[in-house]
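In our numbering, the protein residues as written are 14 to 754.
Glycine included, C-beta positions come from ideal geometry on N, C-alpha and C.
Written out below as structure tokens is the structure these notes cover.
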């Protein structure tokens, strides 16, 4: 028995890092995939596209949103292709569409370990992997069918080959890195290029080759990257436009326009800025107030657009509304929870509330004199939100977390934006700590003759600064985009901790105080953020405060009288104090169901099953399912099930039936894929019988088309399909009686 213990002890001593890495990987995949089925099919816009893409190769190649191939999605193909392949293998299930993201999240976690371990040691690698795994934004995107986690995985592979090119001075590794950047571009377009400033600066400065060779290699790599990046876009744009889907969210039916406009300039300057694209094109997509259209699963409150929550009836700003009994469903293949995407049906009448104001970035907010920590608070939410609806214009207490442009309040553009209440909890927990780490690796000798460690750190810091500047000043993005900060913060925090701890351990000069100072500064900001959630003060605050105080006290004692056993205790208490909050935040999208269209992590999800999460589950019929049955019953093979303006109007129909329901206006309802003459032709051919007209949220953007429908089709009485007011709010179903030739 003693020999067994000795053998086990020796194995653990030699392989402890492998055991730790396995445990971290299991933790990562558990956070990314545990109980994933309760998320239904996720974002119905992408889920409908996957359904359509698996029906024909043409739909697959052009990433068609609808089975009829009228409009594509507004994203490049690679991420969706991967999801579609998983569905072809495992069947059409929500978990099958989300599995690629979960695997990419865990794969990225492993890459973080190897990228950090190679230059800073095993301890730094393990710590970096752990920090990445419990970053809330990482968990959020790994549990959704958005493609951001796939993008991060491809970019981390790119970093691996880029470092190899620096180490080995071999062009082939640089060219492989260029290929992976191009592939990453085909997942989220220009978002992949955010790493290029870091690559360019590091390669031109630190490559061992002569400058002209560096320049030539860089130009060649750029050409390779561009060729891979734009290969699909060129094929699509050169393909006859009449024989392929209309490119969603473009103004001229080209992918190039989509790249530069909706997925380019609009992200920097705000929606409506890029080449006239998006909802502001020709007035299409605007509502009567000139504001953004109501997006899937959103509602209006006090002049702001907010995600749907399972509430019913009018809200006076003082008492909690009743729960909507009809919101949601419990079946996976029928979107177990519709996630607030397209089945929220507020009661008639306007919600009462104070009108909001607009931030400089165009995002709506309701900041006023009452928006402070001492303002009146109510406890009907159990203290899981930062501020409550108290008549002062604050909704759900998240300081506008769910408001603003398209349901995301990203705050006012400024250098401190990432520390505001609506963004901090997603990825910024260790941002301050990661910045301190640089000081541990900078010295006079390293500046005179840069070490490989400094080269590696330079890339991570430049990439971090690039993303920091974008997220601080960009006009439009979603909260979950902050996952793009996770790799840099994780690596720099892990490596920084090991570097700072080394100076602290040996009590070397002024740098020995880096660790306690960075801990105190980071923990103070974390405590300030968590304190605003009253429900967390009783247990999370004590964990953070006690462990942090213990770490600081032990550090002070160690500096006066060092003892080896204290080192482990200091490390443990430091990590517990810094990671307790992000660990809890990362658990919230696992325990509760976040909004599928614009997901985020945080204690707010605990209130009523999540803000817009649609966590209330039942099988009660609603007007949408009744309409679906009516349309399917009257469907004629070879025709369209129904034609509507926005993708949100038909996404669930496509998911449930796989039949060609068409959204001629695309995601925002503003595409020009269908003209009156084309509609006349489709009606004459018998392909269009039913047409759904929306009366709200910019639903009448193409007034000429709608006028033709109203004048030439007959409105279907809602009682015929079991509804009382049609599909959603103010939607009306029309039928063309004369069909066929």
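Problem set entry | Unbroken stretches of the alpha helix (DSSP H), 4 residues or longer, contained in the region 528-601 | Runs found: 553-573.
Exercise. For residue 563, which of 141, 581, 129 and 551 has the nearest alpha-carbon?
Worked result: The residue with the shortest Cα to Cα distance from residue 563 is 581.
For this session: State the Cα-Cα distance for the pair residue 555 and residue 574, rounded to the nearest angstrom.
Result: Distance between the alpha carbons of residue 555 and residue 574 is about 28 Å.
Exercise. Alpha carbon to alpha carbon, how far is residue 653 from residue 700?
Worked result: Those two C-alpha atoms are separated by around 6 Å.
For this session: Taking all protein chains shown into account, decide if residue 122 is buried (16 or more other Cβ within 10 angstroms of its Cβ) or exposed.
Result: Flag for residue 122 reads buried.
Exercise. Relative to the alpha-carbon of residue 86, which residue among 169, 271, 605 and 255 has its alpha-carbon at the smallest distance?
Worked result: The option with the nearest alpha carbon to residue 86 is 271.
For this session: Grab the span of the alpha helix (DSSP H) containing residue 729 for me, first residue to last.
Result: Neither: residue 729 is in no alpha helix (DSSP H) and is coded neither H nor E.
For this session: May I have the straight-line CA-CA distance separating residue 77 from residue 650, to the nearest angstrom?
Result: Linking residue 77 to residue 650 through their CA atoms gives a straight-line distance of about 20 Å.
Exercise. Can residue 560 and residue 596 be called in contact, C-beta distance under 8 Å?
Worked result: Against a cut-off of 8 Å, the Cβ pair of residue 596 and residue 560 comes out as no contact.
For this session: Give the secondary structure of residue 150 by DSSP, where H, G and I count as helix, E and B as strand, and everything else as coil.
Result: Reduced to three states, the DSSP call for residue 150 is helix.
Problem set entry | Touch test, the region 502-510 against the region 130-144, Cβ-Cβ under 8 Å, three pairs minimum | A contact exists between the region 502-510 and the region 130-144.
Exercise. How is residue 21 classed by DSSP in three states: helix, strand or coil?
Worked result: Note: residue 21 maps to helix in three-state DSSP.
For this session: With DSSP collapsed to three states, give me the class of residue 704.
Result: Residue 704 falls in the strand class under three-state DSSP.
Exercise. Which whole-angstrom value describes the C-beta separation of residue 34 and residue 146, a residue pair presumed to lie in contact below a C-beta threshold of 8 Å?
Worked result: Residue 34 to residue 146, Cβ: 11 Å. No contact.
For this session: Within the same chain, show all residues whose beta-carbon is closer than 8 Å to that of residue 93, passing over the 5 residues directly before and after it, in chain order.
Result: Contacts found: 59, 62, 63, 66, 76, 86 and 160.
Exercise. If you draw a straight line from the alpha carbon of residue 425 to that of residue 643, how long is it in whole angstroms?
Worked result: Taking the straight line joining both Cα atoms gives about 46 Å.
For this session: Would you mind stating whether residue 199 and residue 89 have Cβ atoms separated by less than 8 Å?
Result: Yes, the Cβ-Cβ distance between residue 199 and residue 89 is below 8 Å.
For this session: Rounded to whole angstroms, what's the CA-CA distance from residue 458 to residue 187? Just pull it up for me.
Result: The C-alpha of residue 187 is placed about 28 Å away from the C-alpha of residue 458.
Exercise. In chain order, what residues of the same chain lie with their CB nearer than 6 Å to the CB of residue 282, ignoring the 5 residues before and after it?
Worked result: Within the same chain, and ignoring the five residues on either side of residue 282 in sequence, the residues whose Cβ sits closer than 6 Å to its Cβ are 488.
For this session: State buried or exposed for residue 126, treating a residue as buried only when at least 16 other CB atoms are found within 10 Å of its CB.
Result: Answer is buried; the Cβ neighbour count reaches 16.
Exercise. Hey, out of 668, 660, 666 and 704, whose CA is closest to residue 684's CA?
Worked result: Closest option to residue 684, Cα to Cα, is 660.
Exercise. Rounded to a whole number of angstroms, what is the C-alpha to C-alpha distance between residue 538 and residue 440?
Worked result: Looking at the two C-alpha atoms, the distance is approximately 13 Å.
For this session: Could you name the residues of the same chain whose beta carbon sits closer than 7 Å to that of residue 512, not counting the 5 residues immediately before and after it, in chain order?
Result: Excluding sequence neighbours, residue 512 sits near 450, 453 and 454.
Exercise. Any idea what DSSP makes of residue 35, helix, strand or coil?
Worked result: Residue state, collapsed to three classes: helix.
Problem set entry | Exposure of residue 522, with buried meaning 16 or more beta-carbon neighbours within 10 Å | Exposed.
For this session: Under the assumption that residue 499 contacts residue 148 (Cβ atoms under 8 Å), give the Cβ distance between them as a whole number of angstroms.
Result: About 4 Å separates the two Cβ atoms, so the contact holds.
For this session: Starting from residue 756, follow its DSSP beta bridges and name the residues at the other end.
Result: Only positions 14 to 754 of the chain appear in this structure, which leaves residue 756 out of reach.
Exercise. Taking three-plus beta-carbon pairs below 8 Å as touching, is the region 99-114 in contact with the region 219-239?
Worked result: The region 99-114 makes no contact with the region 219-239: fewer than 3 CB pairs, one atom from each, lie closer than 8 Å.
Exercise. Which runs of the alpha helix (DSSP H) fall wholly inside the region 105-171 and span at least 4 residues, in chain order?
Worked result: Correct list: 107-133, 135-146 and 149-155.
For this session: Answer yes if the region 187-197 comes into contact with the region 236-248, meaning at least three C-beta pairs across the two stretches below 8 Å, and no otherwise.
Result: The region 236-248 makes contact with the region 187-197; the number of CB pairs closer than 8 Å reaches 3 or more.
For this session: Pick out the complete beta strand (DSSP E) segments inside the region 427-470, 3 residues or longer, and give them in chain order.
Result: You should have found no qualifying run.
Problem set entry | 6 Å Cβ shell around residue 536 - same chain, five flanking residues per side excluded | Once the five neighbours on either side are set aside, the close Cβ partners of residue 536 are 561 and 590.
Problem set entry | Neighbour flag for residue 66 against chain B, beta carbons, 8 Å | Considering every chain present, this structure includes no chain B. It has just one protein chain.
For this session: Report yes or no: do the region 253-262 and the region 203-216 share at least 3 C-beta pairs separated by less than 8 Å?
Result: No, they do not touch.
Exercise. How big is the Cα-Cα spacing for residue 353 and residue 277?
Worked result: Here the model assigns residue 353 a pLDDT of 37, short of 50, so the residue's position is not dependable, and the following value carries that caveat. Their Cα atoms are separated by approximately 27 Å.
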